[in-house]
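A.B. asks:
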Amino acid sequence: MIFRQLFDQVSSTYSYLLADEGTRKAVFVDTVFEQHARDTALLRELDLELVAVLDTHCHADHVTGAWLMKTELGSKVGLAAAYAAQNVDLPLAHGDVVPFGACSLHVRATPGHTAGCLSFVTADRTMVLTGDALLVRGAGRTDFQGGDATLLFRSIRDQLFTLPDACVVYPGHDYEGRTSSTIGEERRHNPRIGGGAREEDFVGYMRNLALPHPKQLAVAVPANMRAGQPEDGKAPLAPQWGPVVTTYAGLPEIAPEWVAQHREKVHVLDVRSAAEFEGELGHIKGAQLIPLDDLRARVAEVSSDKPVVVVCQTGRRSGMGAVILKKAGLTTANLAGGMVRWRDLGLPS
Ligand SMILES: [Fe+2]
1059 MIFRQLFDQV SSTYSYLLAD EGTRKAVFVD TVFEQHARDT ALLRELDLEL
1109 VAVLDTHCHA DHVTGAWLMK TELGSKVGLA AAYAAQNVDL PLAHGDVVPF
1159 GACSLHVRAT PGHTAGCLSF VTADRTMVLT GDALLVRGAG RTDFQGGDAT
1209 LLFRSIRDQL FTLPDACVVY PGHDYEGRTS STIGEERRHN PRIGGGAREE
1259 DFVGYMRNLA LPHPKQLAVA VPANMRAGQP EDGKAPLAPQ WGPVVTTYAG
1309 LPEIAPEWVA QHREKVHVLD VRSAAEFEGE LGHIKGAQLI PLDDLRARVA
1359 EVSSDKPVVV VCQTGRRSGM GAVILKKAGL TTANLAGGMV RWRDLGLPS
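Just so we're aligned, residue 1059 is where the sequence shown starts under the working numbering, counting upward by one.
#1: Whose C-alpha, out of G1123, V1085, K1083 and S1070, is nearest the C-alpha of A1095?
#2: Is A1173 near ligand 1, going by C-beta to nearest heavy atom under 7 Å?
#3: Check whether the Cβ atoms of F1086 and M1059 lie closer than 8 Å to each other.
#4: Taking the alpha-carbon positions, what's the L1403 to Q1319 distance?
#5: Please check the pair V1369 and V1326, which I expect to be a contact at CB under 8 Å, by giving their CB distance rounded to whole angstroms.
#6: Please check the pair Y1072 and G1230, which I expect to be a contact at CB under 8 Å, by giving their CB distance rounded to whole angstroms.
#7: D1097 and Y1074 - do their beta-carbons sit closer together than 8 Å?
#8: Taking 7 Å as the cut-off, is the CB of H1094 close to at least one heavy atom of ligand 1?
#9: Identify which residue in P1280, Q1298, P1297 and W1299 has its Cα closest to the Cα of D1290.
#10: To the nearest angstrom, how far is it from the Cα of Q1144 to the Cα of S1407?
#11: Sort out for me which residues DSSP pairs D1066 with in a bridge.
#12: Does the beta-carbon distance from A1278 to A1118 come in below 8 Å?
#13: If contact is defined by three or more beta carbon pairs under 8 Å, each pair taking one atom from either stretch, is the stretch 1257-1264 in contact with the stretch 1104-1118?
#14: Could you tell me the alpha carbon to alpha carbon distance between P1301 and V1357, rounded to whole angstroms?
#15: Going by the beta-carbon positions, is the gap between I1241 and L1267 smaller than 8 Å?
#16: Roughly how many whole angstroms lie between the Cα atoms of L1032 and P1149?
#17: Pop quiz: V1416 and K1364 are said to be a contact at Cβ under 8 Å. What is the actual Cβ separation, rounded to whole angstroms?
#18: Which same chain residues, not among the five before or five after D1066, have their C-beta less than 6 Å away from its C-beta?
#19: So the candidates are I1214, T1184, T1180 and R1183; which of them puts its Cα closest to the Cα of L1416?
#20: Near T1180, which residues of its chain fall below 8 Å by C-beta distance, leaving aside the five closest residues on each side in sequence?
#21: Within a Cβ cutoff of 6 Å, which residues of the same chain sit near Q1287, ignoring the five residues on either side of it in sequence?
#22: Check whether the Cβ of G1242 lies closer than 7 Å to any heavy atom of ligand 1, and answer yes or no.
#23: Taking the alpha carbon of T1081 as the reference point, which residue from L1106, S1069, S1070 and Q1063 has its own alpha carbon closest?
#24: Identify the residues that DSSP records as bridge partners of Y1263: which are they?
#25: Would you check whether ligand 1 has a heavy atom nearer than 7 Å to the C-beta of G1230?
#26: May I ask which residues mark the beginning and end of the alpha helix (DSSP H) holding E1311?
#27: Measure the Cβ-Cβ separation of G1337 and T1372 and say whether it is below 8 Å.
#28: If you draw a straight line from the C-alpha of G1204 to the C-alpha of N1282, how long is it?
#29: Would the beta-carbon of L1176 fall within 8 Å of that of T1114?
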């Protein structure tokens, strides 16, 4: 199984990508709205088909990317039926199974942090995504959104601590950079519920956390009750000038076929050496030449009246060129595959 843990720095949220290697079918768990471009780039680059995007619960600290995924990729949105949220295709309940190719996630109801919290266990019970029920050396707060410390104690004891000791715990958040734990480890060392803590111990601890309310609470909860659909019902606009795709590395890229067909709409900047510019690969008609080594010093020479497509031999140096132009405030994208792909496609030079 393919497994990736991704982090959103603003909300300290972990998102998880799981995929079946054979069929390339994937699920994403706890996506973050603002990380949509990153997450879809990873799916694209790993050649995965997203069948479902799940949330462990209705989050209060970030907006889910589920609706965006559904809108763009046609994947099903899964969330606990208990919330009765909008835009949900898979209203999940305890005992449900979410298959993706030969793999699957098994749903366990672990309420307490919120009334609808779910944990997702892999079929072989080697991994559990606990959302905010069980955290690394912690547990999700229980002081709003229908939270109930007694209920959370029972959820962790009966649904999570009954998993094998070696089962790896992947939490919904961590504020200290800890990425995972195991059930055995948490059963022994969790300061709130480990080491044989009784219900009264846990409830007493949780009642006295005295945490400030999350900054996004008023925005995030209503948005998440629509699976992350913005209030106006529309997806945020992608760049308007062309089909720019952001890679997982964070680079804006554009396909050579589109550039060839819309040559007059863009300014082409070639960042190879003069010798390469006149060499066997040739260059795109009307391209401006500024070698990458000189680009920072000469960036003012690049006209900003049109979006700038940056070109090199294979699309690596030009990637750096696009970074430099972006920093200088220009609208830009890297020509995917550079002049090598341009030639392979038989485009004019
Ligand atoms: Fe939460």
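Positions of the beta carbon are idealized from the N, C-alpha and C atoms, including for glycine.
C.D. replies: If we stick to the structure as given:
#1: The sequence position of residue 1095 within the sequence shown is 37, counting from 1. Nearest option by C-alpha distance: G1123.
#2: Indexing the sequence shown from 1 puts residue 1173 at position 115. No.
#3: Working through the sequence shown from its first residue, we reach residue 1086 at position 28. Working through the sequence shown from its first residue, we reach residue 1059 at position 1. Cβ atoms of F1086 and M1059: not closer than 8 Å.
#4: Stepping through the sequence shown from its first residue, residue 1403 is reached at position 345. Stepping through the sequence shown from its first residue, residue 1319 is reached at position 261. Answer to the nearest angstrom: the Cα atoms are 13 Å apart.
#5: Along the sequence shown, one-based indexing puts residue 1369 at 311. Along the sequence shown, one-based indexing puts residue 1326 at 268. Right, their Cβ atoms sit about 6 Å apart.
#6: Position 14 of the sequence shown, counted from the first residue, corresponds to residue 1072. Position 172 of the sequence shown, counted from the first residue, corresponds to residue 1230. About 6 Å; that satisfies the 8 Å criterion.
#7: Counted from its first residue, the sequence shown places residue 1074 at position 16. Counted from its first residue, the sequence shown places residue 1097 at position 39. Taking 8 Å as the Cβ cut-off, Y1074 and D1097 do not qualify as a contacting pair.
#8: By one-based count along the sequence shown, residue 1094 stands at place 36. Answer for H1094: no, Cβ out of range of ligand 1.
#9: The count along the sequence shown starts at 1 and reaches residue 1290 at position 232. Considering only alpha carbons, the answer is P1280.
#10: Counted from its first residue, the sequence shown places residue 1144 at position 86. Counted from its first residue, the sequence shown places residue 1407 at position 349. So the two alpha carbons sit approximately 51 Å from each other.
#11: One-based indexing of the sequence shown puts residue 1066 at position 8. DSSP, once it has assigned bridges, lists T1071 as partnering D1066.
#12: For the purposes of this step, residue 1278 is identified with residue 220 of the sequence shown, where counting begins at 1. For the purposes of this step, residue 1118 is identified with residue 60 of the sequence shown, where counting begins at 1. Their beta carbons are under 8 Å apart, which means A1278 touches A1118 by this criterion.
#13: no
#14: Residue mapping note: residue 1301 aligns to position 243 of the sequence shown, counting from 1. Residue mapping note: residue 1357 aligns to position 299 of the sequence shown, counting from 1. Those two C-alpha atoms are separated by around 24 Å.
#15: The sequence position of residue 1241 within the sequence shown is 183, counting from 1. The sequence position of residue 1267 within the sequence shown is 209, counting from 1. For I1241 and L1267, no; Cβs fall outside 8 Å.
#16: Examination of residue 1032 is not possible in this model, given that the chain is present from 1059 through 1407 alone.
#17: Limits of the chain in this structure are 1059 at one end and 1407 at the other, which puts residue 1416 out of reach.
#18: Here the question's residue 1066 lines up with position 8 in the sequence shown. So the list reads V1090 and Q1093, once near-sequence residues are dropped.
#19: Residue coverage of the chain in this structure runs from 1059 to 1407, which leaves residue 1416 outside it and unanswerable.
#20: The count along the sequence shown starts at 1 and reaches residue 1180 at position 122. Excluding sequence neighbours, T1180 sits near M1059, L1076, C1161, S1162, L1163, H1164 and V1186.
#21: Against the sequence shown, residue 1287 aligns to sequence position 229. W1125 and N1145, listed in sequence order.
#22: On the sequence shown, position 184 is the one that residue 1242 refers to. No, the Cβ of G1242 stays beyond 7 Å of every heavy atom of ligand 1.
#23: Here residue 1081 corresponds to residue number 23 of the sequence shown, with the count starting at 1. If we check each option's Cα against that of T1081, L1106 comes out closest.
#24: Numbered from 1 along the sequence shown, position 205 holds the residue referred to as residue 1263. Y1263 pairs with nothing; no bridge assigned.
#25: Locating residue 1230 in the sequence shown gives position 172, where the first residue counts as 1. Answer for G1230: yes, Cβ within range of ligand 1.
#26: Reading the sequence shown from its first residue, position 253 is the one you call residue 1311. That residue, E1311, is in no alpha helix (DSSP H); its beta strand (DSSP E) goes P1310 to I1312.
#27: Working through the sequence shown from its first residue, we reach residue 1337 at position 279. Working through the sequence shown from its first residue, we reach residue 1372 at position 314. Their beta carbons are not under 8 Å apart, which means G1337 does not touch T1372 by this criterion.
#28: Sequence index remark: in the sequence shown, residue 1204 carries index 146 (1-based). Sequence index remark: in the sequence shown, residue 1282 carries index 224 (1-based). Going from the Cα of G1204 to the Cα of N1282 covers about 15 Å.
#29: Along the sequence shown, one-based indexing puts residue 1176 at 118. Along the sequence shown, one-based indexing puts residue 1114 at 56. Contact: yes.
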